[in-house]
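Take 1060 as the starting number for the sequence shown in this note's numbering and just add one per residue. Glycine included, every Cβ here is placed at the ideal spot set by N, Cα and C. The model shown is predicted, which means the values in this text are computed figures rather than measured ones.
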Amino acid sequence: YVEKFKLSHPTDSIEVLLPEISKRIGALQKHGEYDLNKSAQFFIKQYRNGKYGRYTLDDVSPEGLKAYFTNDDSDKDTLMSKNQIKKLKWEKVTEKRLNRWKKHGYLTGKGKQGVQGCKKG
C-alpha cells in the first residue's frame, strides 16, 4: 500500500493513511474535506480483493486466542483451511481406491484380464 498511495513509509496510523487515500482516489466531501468513510471502504475493498498481497487475518476472539496459546490439537480440523480439508478428503478417497484395486489384483499384474462380458481376441 505504501507504493500504491505514494507514502514515504509504512504507517499504522489510520489518521495518516485515510487522508492520503482520499487524495489519491479523489474522495472529497462538500467544502473540500476528505471523505474518510469512502476512503476506508475503498481500502477495505482493495484489501479483501488481494490488491495489497495475500494476507489472512488471525482469529482474535477469546476462544481463538486461547486455542492458539494453549496449542490445543483437539481443534486441529477446525483450524485447517478449506483446501487442506479438501486435500485430506481426496487423499482418503484415493487410498480407499488403491486398496480396493490392490485387493482385486489390478495393481499387482495378477488381476482380472479384460472386462467381464467382452470377448478377447
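Taking residue 1118 as reference, the option from 1109, 1100, 1108 and 1140 with the minimal CA-CA separation is 1140. Judged by DSSP secondary structure, residue 1098 falls within the alpha helix (DSSP H) whose first and last residues are 1095-1107. A straight-line Cα-Cα distance of about 27 angstroms links residue 1103 and residue 1126.
In the three-state reduction of the DSSP assignment, residue 1087 falls in the strand class, which pools E and B. Listed in chain order, the non-local C-beta contacts of residue 1094 below 7 angstroms within the same chain comprise 1081, 1086, 1087 and 1088, local neighbours out to five positions each way being set aside.
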